[in-house]
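Mapping of the sequence shown onto the working numbering: position 65 corresponds to residue 1517, and the numbering continues sequentially without gaps. Glycine included, C-beta positions come from ideal geometry on N, C-alpha and C. Since this is a predicted model, take the numbers as computed values, not measurements.
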Amino acid sequence: MTTSEWLLPLTGAVVHETMLFAAIGFAIGGLDDFLVDFLFLIRLAGRRIARIETPRLAHLAPAAQPLAIFVAAWDESAVIGAMLRTAAARLGDPGWRLYVGAYPNDRATIDAVIEVAARDDRIRLVIGDRPGPTTKADCLNTIWRAMLADEAAEGRAFRAVVLHDAEDVVHRGELAVYAHHLEAGAAVVQVPVLPLIDQRSRLVAGHYADEFAEAHRLAA
């Protein structure tokens, strides 16, 4: 038997087994995505069969109980100011307060927050004890403790905590949506997140935005 006579079948067998192994790996890796899609379709079909209508935003009352908004910020001086100004201008619900967690060694972010907070007492800057960056969870825990201290000092309690990122563009009706579902008994509320395309990098931004938006839409 020549070398080619045994090498070609061996190569074919190796290629076949490798492709089979890769296919099984991709199938296992895609099970979580399939499960999310499957549950979304079941829920959608159930809502249509039961004729459950999603309430219109225009019909929702403003959030009656106070809501706390948390934003963990490290090196966000380029975007945090615009985010806070947009939130202050759009969120007309009474009683909300936006907490921004920053680090003592991030002066640029601190200054950007102070510039907006000085004109709006609904925005509260919380500076942690440790220099950053730490973890997002650590920053959120610092904000949480500041909120608890405010509740004790003011004698009131926030109905829920809303999480935002420093680059988010808030929707003017989001607090009303949260309040509606909380009053209906929901323990957690997630709203769809719509991506904004960066025109300077449409290929990367478009690919990322499609996956990001789909995941949030199906889970919301």
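If you follow the beta strand (DSSP E) that residue i is in, where does it begin and where does it stop?
i       : result
Ala1520 : Leu1519 to Ala1524
Ile1579 : Ile1575 to Ile1579
Using three-state DSSP, classify residue i as helix, strand or coil.
i       : result
Arg1499 : helix
Val1643 : coil
Ala1539 : helix
Tyr1630 : helix
Tyr1551 : strand
Val1614 : strand
Val1621 : coil
So, is residue i buried or exposed, given that buried needs 16 or more other C-beta atoms within 10 angstroms?
i       : result
Phe1478 : exposed
Glu1505 : exposed
Beta carbon of residue i, beta carbon of residue j: below 7 Å?
i       : j       : result
Arg1537 : Val1565 : no
Cys1591 : Gly1553 : yes
Ile1476 : His1616 : no
Tyr1660 : Ile1595 : no
His1623 : Leu1512 : no
Leu1627 : Asp1545 : yes
Val1641 : Tyr1630 : yes
Pro1556 : Ile1575 : no
Gly1625 : Leu1491 : no
Near residue i, which residues of its chain fall below 6 Å by C-beta distance, leaving aside the five closest residues on each side in sequence?
i       : result
Pro1673 : Because the chain here runs from 1453 to 1672, residue 1673 falls outside it and cannot be looked at.
Gly1464 : none
Ile1562 : Ala1554
Against chain D, does residue i count as a neighbour if the rule is that its beta carbon must be under 7 Å from one of theirs?
i       : result
His1633 : No chain D appears in this structure, which consists of one protein chain only.
Please go through the same chain and pick out, in chain order, the residues whose beta-carbon is closer than 7 Å to the beta-carbon of residue i, but skip the five residues on each side of it.
i       : result
Ile1649 : Ala1657, Gly1658 and Ala1661
Met1599 : Ala1520, Tyr1551 and Phe1610
Ala1618 : Val1523, Ala1525, Glu1528, Val1531, Ile1532 and Met1535
Can you determine whether any heavy atom of the ligand GTP sits closer than 6 Å to the C-beta of residue i, and answer yes or no?
i       : result
Pro1461 : Ligands in the displayed structure: none, and consequently the ligand GTP is not present.
Go to residue i, then tell me how far its alpha helix (DSSP H) extends in each direction, as first and last residue.
i       : result
Ala1589 : Lys1588 to Glu1606
Arg1559 : Arg1559 to Ala1569
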